[in-house]
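To start, the structure under review is shown below, and the notes come after it.
Residue numbers (the numbering used here): 2 to 73.
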């Protein structure tokens, strides 16, 4: 299980994919989410603008789980 820290109220799913080095640029998020099944808190979601807050989990197609945590 991996974690991504946020220092703001939320980050988007597209930002998380870039921060976790799943994609190289924000423009790739739309394509990645259209081509791959990504779960947010156990439910499929393909919205790159989905707001993720501390405590949310994202499960990638390879079953990697990323948890969003608040920095500090």
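For glycine and all other residues, C-beta sits at the position ideal for the given N, C-alpha and C.
None of the values given here were measured: they were computed from a predicted structure.
- About 16 Å separates the beta carbons of residue 63 and residue 41, which is beyond the 8 Å limit, so they are not a contact pair.
- The Cβ atoms of residue 13 and residue 61 lie no closer than 9 Å to each other.
- Judged by their CB atoms, residue 5 and residue 21 are nearer to each other than the 9 Å cut-off.
- Spatial neighbours of residue 50 in its own chain (CB-CB distance under 6 Å, excluding positions within 5 residues in sequence) are listed in chain order as 13.
- In the structure shown, residue 18 falls within a helical segment according to DSSP collapsed to helix, strand and coil.
- Out of 72, 73, 48, 71, the CA that lies nearest to the CA of residue 18 is found in 48.
- Under the three-state reduction of DSSP, residue 34 is assigned to helix.
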